[in-house]
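With full-length UniProt numbering, the residue at position 239 of the sequence shown is 239, and numbering never jumps.
Each residue gets a CB set at the ideal place from its N, CA and C atoms; glycine is no exception.
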Amino acid sequence: MVRVLLISHEPEAAPGVIGELLALRGVETQQHIVLEDPAAPNLDFPEPGEHDAVIAFGSFANAYEVSARAWVGPEIKHIEQLVAHDVPYLGVCFGGQLLAEALGGHVEPAPPGEAEIGLIFLNPGEQGLPIPAGPWFTWHEDRMVIPDSVELLASTPSAVQLFRSGRAVGTQFHPEADLGLVSGWAAIGPDHIPSHTSAAEVLGNVSDANAELRKNCNNLVEWFIRDIAGLEFAELKNE
1 MVRVLLISHE
11 PEAAPGVIGE
21 LLALRGVETQ
31 QHIVLEDPAA
41 PNLDFPEPGE
51 HDAVIAFGSF
61 ANAYEVSARA
71 WVGPEIKHIE
81 QLVAHDVPYL
91 GVCFGGQLLA
101 EALGGHVEPA
111 PPGEAEIGLI
121 FLNPGEQGLP
131 IPAGPWFTWH
141 EDRMVIPDSV
151 ELLASTPSAV
161 QLFRSGRAVG
171 TQFHPEADLG
181 LVSGWAAIGP
191 DHIPSHTSAA
201 EVLGNVSDAN
211 AELRKNCNNL
221 VEWFIRDIAG
231 LEFAELKNE
């Protein structure tokens with residue numbers, strides 16, 4: 001049986017559709033929540049060989065914040081160990097940003113007007129897109145700068161959206177997001193919704209695209225597990 005470690009940074013930054021799809025395919029998952037107690041971050045990550053793959057999700061924190069570096073630094077070291085041991089890794093949004101740092105890149109605030117929230121379509125890199133162009137949901141105020149050694153797979157005019165180095169993959173967008181997850185985020189962080197849109201508009205668009213978002217997430221999960229990680233899992237019958 002395939003075993004996957006799911007790293008969440010806060011309980012609300014849940015595995016979402018990715019977790020559901022893995023369960024439907026018979027994958028055994030273990031969830032590790034870093035900030036279940038924000039006063040005592042859980043940095044006791046399993047050893048690299050304990051799981052067949054690792055997927056790390058988003059966070060309400062900014063990777064470069066001084067207040068976050070006490071736990072961000074050790075997590076980046078953990079990602080470096082995973083990469084060194086060739087453990088397949090998928091970093092989503094914040095998880096992707098930490099992967100970018102582990103590979104020698106960095107994270108910085110997005111320039112004014114370039115924060116993204118809502119549905120996006122991906123522009124392919126030189127090798128074409130390994131996943132559907134969209135729609136995908138994104139919500140970020142920061143952007144990744146990846147080193148030249150990393151393969152850029154997709155972008156938008158504002159940000160790197162998908163990159164790969166060996167069996168490590170990072171996204172800026174949120175493939176795990178559906179209406180339920182985004183509704184929870186909007187309720188927690190209304191101050192982070194840019195003035196050019198509104199929670200009602202964002203949620204309306206996500207609702208309209210919900211079935212497509214789930215279908216596209218399934219495509220990404222298949223690509224990561226089968227093509228990147230080289231693992232096999234059950235065919236999906238219920239999605």
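So, do the region 130-138 and the region 101-115 have three or more beta carbon pairs nearer to each other than 8 Å?
no
DSSP three-state assignment for G26, whether helix, strand or coil:
For G26, the secondary structure class from DSSP, reduced to helix, strand or coil, is coil.
Any chance you could list the alpha helix (DSSP H) runs of at least 4 consecutive residues sitting entirely within the region 154-234, in chain order?
With a minimum length of 4 residues, the continuous alpha helix (DSSP H) runs that stay inside the region 154-234 are 179-188 and 199-222.
Reference E151; option with closest CA among L99, V221, P175 and H78
L99
Mapping the DSSP letters down to three states, classify Q127 as helix, strand or coil.
Looking at Q127 - three-state DSSP - the assignment turns out to be coil, as it is neither helix nor strand.
Span separating the alpha-carbon of A28 from that of D148:
Checking the sequence shown, residue 28 turns out to be Glu, not Ala. A straight-line Cα-Cα distance of about 35 Å links E28 and D148.
Can you say whether M144 is buried or exposed, counting buried as having 16 or more other CB atoms within 10 angstroms of its CB?
Counting the other CB atoms within 10 Å of its CB gives M144 a total of 16 or more, which places it among the buried residues.
Going by other Cβ atoms of all chains shown within 10 Å of its Cβ, with 16 needed for buried, is H51 buried or exposed?
buried
Give me, in chain order, the residues of the same chain whose beta-carbon lies closer than 7 Å to that of Q81; leave out the 5 immediate sequence neighbours on both sides.
P48
Rounded C-beta distance between I18 and V221? I'm assuming under 8 Å.
6 Å
Selected residue, minimal CA-CA separation from I131, among F224, P11, G26 and L231:
Checked all of F224, P11, G26 and L231; the closest Cα to I131 is F224.
Who pairs with G91 in a beta bridge, going by DSSP?
Partner(s): A56 and G170.
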